[in-house]
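First comes the structure, then the notes that go with it.
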Amino acid sequence: MSATHDAAHSDHGGAGLKLYFAVFAALLVGTWLTVWVAGRDFGVWNTPIALAIACTKAALVLLYFMHVRWSSRVVWMAAAIGFVFLVILLAFTLSDYFTRDWLEIYSAPLKSR
Amino acid sequence: MTAPSASTAPSFAPRDNYLTADYSWRSWLLTVDHKRIGILYLLSVTGFFFLGGLFAVLLRLELATPQGDLVQAETYNKLFTMHGLVMIFFFLVPSIPGVLGNFFVPIMIGAKDMAFPRLNLLSWYVYMIGGLVSFLAIITGGVDTGWTFYAPYSSTYANSNVALTAVGVFITGFSSILTGLNIIVTVHKMRAPGMTWFRMPLFVWAHYATSVIMVLGTPVLAITILLLALERLFHIGIFDPKLGGDPVLFQHLFWFYSHPAVYIMILPAMGVISELVAAFSRKRIFGYSFVAFSSLAIAVLGFLVWGHHMFLSGQSVYAGVVFSVLSFLVAIPSAVKVFNWSATLYKGSVQLSTPMMYVIGFLGLFTIGGLTGLFLACLGLDVHVHDTYFVVAHFHYIMVGGAVMAFLGGIHYWWPKMFGKMYPEGLGKVSAVVIFIGFNLTFFPQFLLGYLGMPRRYHAYPEEFGVLNVLSSAGASILGIGYLLPMAYLLWSLRYGAEAEQNPWGAKGLEWEKAPTPPPTFNFDATPVVTQEAYAYADDLPPEESRTQARLV
Amino acid sequence: MSDSYGGHGALAHHFEDLEQQREAHTLGMWAFLVTEILFFGGLFAAYVVYRSAYPEAFANASNQLDPVLGGINTAVLIGSSFTMVLAVHAAQQRRKWAIFGWLWATIVLGTAFLGVKYVEYHHKWEHHLIPGPNFLFEGQPGGSEQLFFALYFSMTGLHAFHMVIGAGILVWLSVLALKGRFDEPGRNAVEMTGLYWHFVDLVWIFLFPLLYLLGRHQ
Amino acid sequence: MSPLSGFFALAVQTYPGSGNAPLFPPSASTISGEVDALYWFLIGVSVFFSALICALVIGFSVRFRRRPGVHATPIEGSMALELLWTVVPLGIAMVIFIWGAKVYFRTVKVPSNAMQIDITGKQWMWKAQHPTGQREINDLHVPVGVPIKLRMISEDVIHSYFIPAFRIKRDVVPGRYSSAWFEATEPGEYHLFCAEYCGTKHSQMIGRVYALDPVEYQRWLSGTVAGETPKQAGEKLFASLRCDTCHNAQSGARGPDLAGLWGSEVELRSGGSVRFDADYVRESILNPAAKIVKGYEPLMPSYSGQVSEEQMLALIAYLESLSAPQGAKDRP
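Residue numbers (the numbering used here), protein chains in the order written: chain A, 201 to 313; chain B, 29 to 581; chain C, 95 to 312; chain D, 23 to 354.
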């Protein structure tokens with residue numbers, strides 16, 4: 201019973217090699233794109249673009265190299281939960297730093313009173 | 029392994045079980061049997077509990093008088109730090125998952141063992157190595173930063189074994205990760221046929237939720253402690269205000285783990301209470317799915333509230349408001365659980381044996397502990413009570429009144445299954461009452477001290493706080509005696525205790541009905557097939573009674 | 095089918111069948127990778143907080159790094175990820191020599207990466223950019239630039255440490271491959287190590303733009 | 023047990039203060055009444071629910087204790103009850119949250135007519151600097167009925183300025199200013215504690231807060247020798263550190279003119295803006311290259327190590343006075 205599973209797993213074997221080459225090429229292009237994008241100024245969009253490229257590269261590695269695409273649902277969930285809680289850590293920590301000076305805890309500025 | 033199939037008749041004939049399988053030291057120290065690893069954890073966790081308890085007794089003796097005259101200020105600071113460190117990282121976090129979780133999660137879901145038996149043994153060894161390193165740090169001078177290690181005191185100004193203790197705690201963190209990882213995979217992949225998620229005992233649900241927190245939270249503590257050690261050893265300046273580093277950032281990273289850690293300590297206790305309430309009222313837990321989902325809700329919401337430790341630390345006011353409202357939300361699932369446990373007793377058949385006395389103690393004290401948490405989550409009040417004895421009383425009501433009570437209740441409840449011997453019922457009840465009285469006398473006065481404004485971690489305090497502190501110290505000595513009693517009679521019962529039947533409480537659950545007492549190395553003679561719901565006490569009733577499934581209002 | 099090594103592979107005593115065992119190993123590996131995500135996550139949180147507080151200092155400090163070397167290293171690591179995938183693919187087809195070959199290709203690329211890292215660290219050593227008492231940035235001691243380098247060395251140091259561990263495991267696997275360990279079904283050690291290696295590559299994919307490519311906009 | 027009971031008998035006997043053992047702190051500030059009201063509301067809620075749970079648990083345990091022949095009635099659950107004990111606690115929780123947030127904002131929003139006192143915390147003592155020049159160690163004399171704003175900073179580790187009688191507490195963090203305010207209502211002598219663990223003598227870092235009625239306060243002011251006010255000290259420092267060579271009103275000055283900037287948003291060279299407040303002044307003096315004003319070059323040398331925290335507070339008081347319309351700020 202397990203032998204059939206291995207075959208099923210690698211039935212995309214033939215296609216797998218081509219797929220792996222494609223993903224490898226895409227990652228190299230992504231790296232070049234990251235460097236090229238960093239060299240040009242998109243104003244406020246610099247960081248979002250850089251992060252978007254990095255995330256797509258990461259997604260490629262996750263889905264194809266790490267076989268998440270053909271894994272069971274619980275493995276999908278495990279991978280997702282790791283990144284969700286990383287975002288929670290970043291979001292709540294930054295929510296403190298970005299809103300620290302909203303409140304004028306000093307005596308109100310002279311001009312507005 | 030050709031023992032007769034486990035008939036329901038109590039089998040007193042000495043059978044091959046996990047204890048008698050092999051008596052050599054090697055078989056214990058190199059065991060991969062989850063039950064033996066649970067016993068190893070029981071021994072080491074009890075050792076650390078009494079070490080932490082020794083520090084607590086010294087603290088209370090010092091605080092019996094306003095002047096700091098029993099020990100120097102430096103020694104007192106080391107005592108409360110090491111009391112915190114030992115009790116949290118070496119007792120509360122590993123105790124219930126390490127002992128009862130390791131022993132019973134596989135049996136309750138019908139598995140032969142944990143998913144990764146060798147990792148399970150590694151978890152105990154990593155725990156002992158971390159314990160050894162921390163014990164070395166304690167012996168060679170101790171650490172005086174508080175268990176919270178706040179920078180910049182811990183990173184720059186303290187001159188005690190901060191780096192060595194940090195390494196010890198860093199290592200122990202991996203033991204927690206390995207246990208959590210093991211339980212998650214076991215629950216997902218190793219349930220017996222028929223054991224669906226909603227037929228699992230609530231003890232397993234609670235341990236699954238705890239393991240999710242262990243796996244998600246502990247690494248952030250690891251990196252924070254690692255950065256602290258790097259700062260101590262190489263002065264890289266990561267939290268150094270002179271370079272623009274922010275001590276509040278240390279608090280964010282520290283509390284991201286350390287608040288969910290308090291749920292690591294209390295969720296397994298809730299799992300034990302669910303089992304005990306069901307068994308001793310011979311009834312299915314009221315609102316089973318609500319209690320199960322509230323465990324998961326606590327695990328997830330527990331990660332969104334850490335800012336309530338930092339309302340006054342210079343954290344932004346608006347972030348404080350967000351953390352405050354989320355802290356109130358995380359209190360709701362705990363309230364749901366307490367109401368459901370109480371409702372389970374309604375129309376039950378309640379047997380007041382020792383474990384049930386610990387349950388009643390838990391319900392009262394955990395309710396008080398939980399409600400006083402609302403005082404601290406409330407922004408306006410936290411300004412006054414933060415870092416005072418109100419906080420100390422709050423978390424001791426949850427940790428000692430809740431987690432330790434549940435641990436003792438669980439130990440008494442499963443003692444016959446683990447060792448095949450019954451504990452002495454009378455002594456059990458006496459020690460439960462002594463612990464309850466000693467506990468309340470120790471920690472209730474601290475609520476008053478807290479609102480009076482007595483700060484935490486004070487070696488000497490103003491005269492007017494004297495009487496309440498004397499009461500608290502008196503309570504501590506009663507509590508200390510109370511904890512020695514179970515240690516004594518449980519050890520005594522191993523030799524002289526009455527033989528235990530396979531199911532002394534007549535309880536439901538694979539560990540009682542299918543596994544012999546004490547269970548063989550692979551738990552069951554044949555892999556059980558589960559056909560009943562969890563806590564299916566109704567199936568034992570004579571036909572006409574079980575039909576009147578009353579649905580309340 | 096009992097397993098003589100007492101290690102992974104063939105049917106461990108407590109699993110029902112190879113499929114359950116493989117699923118358990120995969121989920122266990124992923125649970126471990128979740129802890130790694132959050133382990134590095136703490137450093138990313140510190141990085142994001144300090145960079146948003148001191149954008150100029152971080153940009154100046156980042157300009158001390160050589161993006162060309164960083165770019166090459168990224169390509170090397172992606173290459174090693176690719177050879178790792180081929181090794182896992184070979185393991186599924188139980189071709190002993192292919193496994194051995196691709197594992198060593200991965201090891202060589204990984205070592206190349208560590209070599210480049212050593213060159214970069216040495217360059218920092220010469221320019222007094224190691225965060226600590228004798229840190230100098232453009233002749234000035236201490237300043238927020240030291241925070242950048244504290245994070246740079248923590249992140250890339252931790253990443254390199256994970257690379258060393260990974261390379262060690264790959265060498266051990268190649269030895270096992272020669273001993274015929276992966277000739278029977280049910281052996282998924284190569285696949286699990288592959289997951290770990292791809293994760294280490296994943297971390298670098300984020301580290302490279304965040305550390306090397308700051309303030310390069312003209 | 024005899025040694026322990028003997029010890030306690032001795033402790034209670036010899037302990038002089040056992041006479042006045044208060045169970046509730048004095049209420050001596052405008053906010054303390056509201057905080058106490060919130061406290062008693064929460065005590066009420068807690069007593070109610072604790073009593074409810076105890077009654078249910080003990081009542082059911084006794085009423086439905088195990089008796090031979092009597093079986094437990096199987097009950098699955100009840101959606102209505104589950105909703106009840108989810109929504110009701112949620113409602114109560116939100117009431118507490120909103121009330122608590124309102125009280126909290128009252129303790130954080132500083133009235134603009136507050137008199138500012140600069141507090142510097144260092145390992146194991148508090149130093150207070152009054153605007154009128156008085157300096158105090160560990161103690162604080164404040165007039166009743168006048169809102170007092172504390173601008174606080176630590177020279178080493180994190181401390182926390184805690185006056186239980188006024189129900190205020192605020193961490194004093196190194197590297198950043200933190201602020202708290204109160205308005206005393208009852209004259210008297212109250213405790214001052216450090217509430218954040220700060221090392222060996224954390225429990226000695228305490229003091230006394232004297233709330234004096236206005237007459238008494240004037241007598242204290244005149245009775246103590248007043249050094250130079252922070253503004254005067256700041257002015258002298260501004261000159262002695264030669265800040266004015268760059269920061270002056272002439273056109274083409276190498277540094278921005280600092281008069282009139284206080285509290286306004288300042289554009290930065292790297293884009294974005296920052297409020298010109300105490301934190302920005304302090305950061306620019308110690309780490310000038312961090313945030314440079316648009317249109318200026320990073321020429322300013324770092325003064326870290328040359329300016330103590332008290333001198334920094336004096337400079338800030340001077341710069342603040344530069345932006346005030348004449349005479350508005352000089353109040354006792």
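Beta carbons: idealized from backbone N, C-alpha and C, even for Gly.
Here B/Gln-279 carries a helix assignment [DSSP, helix/strand/coil].
Per DSSP, reduced to three states, the secondary structure at D/Val-179 is coil, with no helix or strand assignment.
When DSSP reads this structure, D/His-269 sits in a beta bridge with D/Gly-277. Per DSSP, C/His-108 lies in no beta strand (DSSP E) segment and is marked neither H nor E. Relative to D/Glu-205, the option among D/Glu-177, D/Arg-128, D/Asp-193 whose CA is nearest is D/Arg-128. Just so you know, the alpha carbons of B/Ala-504 and B/Phe-464 end up roughly 11 angstroms apart. In this structure, the CA atom of B/Glu-453 is about 7 angstroms from the CA atom of B/Thr-382. At least 8 angstroms separates the CB of C/Pro-161 from every CB of chain D.
Here DSSP, grouped into helix, strand and coil, assigns D/Leu-290 to strand. DSSP lists D/Ile-139, D/Ala-202 as the bridge partner or partners of D/Leu-172. For B/His-216, the chain C residues whose Cβ falls inside 9 angstroms of its Cβ are Glu-117, Ala-118, Leu-121, in order along the chain. In the DSSP assignment, C/Phe-276 is bridged to no other residue.
Runs of beta strand (DSSP E) with 3 or more residues, each lying fully within the segment 301-346 of chain B, are absent. Nearest neighbour of A/Phe-285 by Cα position, chosen from B/Val-240, B/Phe-550, B/Phe-78, B/Gly-508, turns out to be B/Val-240. According to the DSSP assignment, D/Pro-165 belongs to the beta strand (DSSP E) that extends over 161-165.
Closer than 8 angstroms to the CB of B/His-280 there is at least one CB belonging to chain A. Between the alpha carbons of B/Tyr-185 and B/Leu-271 lies a gap of roughly 16 angstroms.
DSSP places D/Ser-295 within a strand segment (E or B) once states are collapsed to three.
Under the 8 angstroms Cβ criterion, the segment 303-313 of chain B does not count as touching the segment 263-280 of chain B, having fewer than three qualifying pairs.
Nearest Cα to B/Val-197 within the set B/Ile-116, B/Phe-267, B/Ile-135, B/Gly-96: B/Ile-116. For D/Lys-191, no alpha helix (DSSP H) segment is defined; the enclosing uninterrupted segment is the beta strand (DSSP E) at 190-194. About 4 angstroms separates the CB atoms of B/Ser-151 and B/Leu-206; that is less than 8 angstroms, so the two are in contact. Membership of A/Met-277 in the alpha helix (DSSP H) is indicated by the continuous run 273-298. Residues of the segment 188-202 of chain D whose Cβ lies closer than 7 angstroms to any Cβ of chain A, in chain order: Ser-201. Inter-segment contact for the segment 122-140 of chain D and the segment 347-354 of chain B is present: three or more beta-carbon pairs are separated by less than 8 angstroms. Interface flag for D/Ala-311 against chain C is set, since a Cβ pair is found closer than 8 angstroms.
Think of a sphere of 7 angstroms around the beta carbon of A/Arg-300: the chain B residues whose beta carbon falls inside it are Ser-344, in chain order. For B/Ala-460, the closest C-alpha among the options B/Leu-480, B/Ile-439, B/Gln-474 is that of B/Ile-439. DSSP places B/Val-121 outside any alpha helix (DSSP H), giving it a letter other than H or E. At a beta-carbon threshold of 8 angstroms, none of the residues of chain B lie near D/Val-132; the nearest stands roughly 12 angstroms away. The beta carbon of B/Val-350 sits closer than 8 angstroms to some beta carbon of chain A. For a Cβ distance threshold of 8 angstroms, residue set His-216 of chain B lies close to A/Val-274, ordered along the chain. Taking a Cβ-Cβ threshold of 9 angstroms, none of the residues of chain D is close to A/Leu-294; the smallest such distance is about 15 angstroms. The shortest CA-to-CA distance from B/Val-276 to any of B/His-336, B/Leu-230, B/Glu-303, B/Gly-342 is the one to B/Gly-342. For D/Lys-149, the enclosing beta strand (DSSP E) stretches over residues 147-151.
If you draw a straight line from the Cα of D/Val-110 to the Cα of B/Phe-367, it is about 12 angstroms long.
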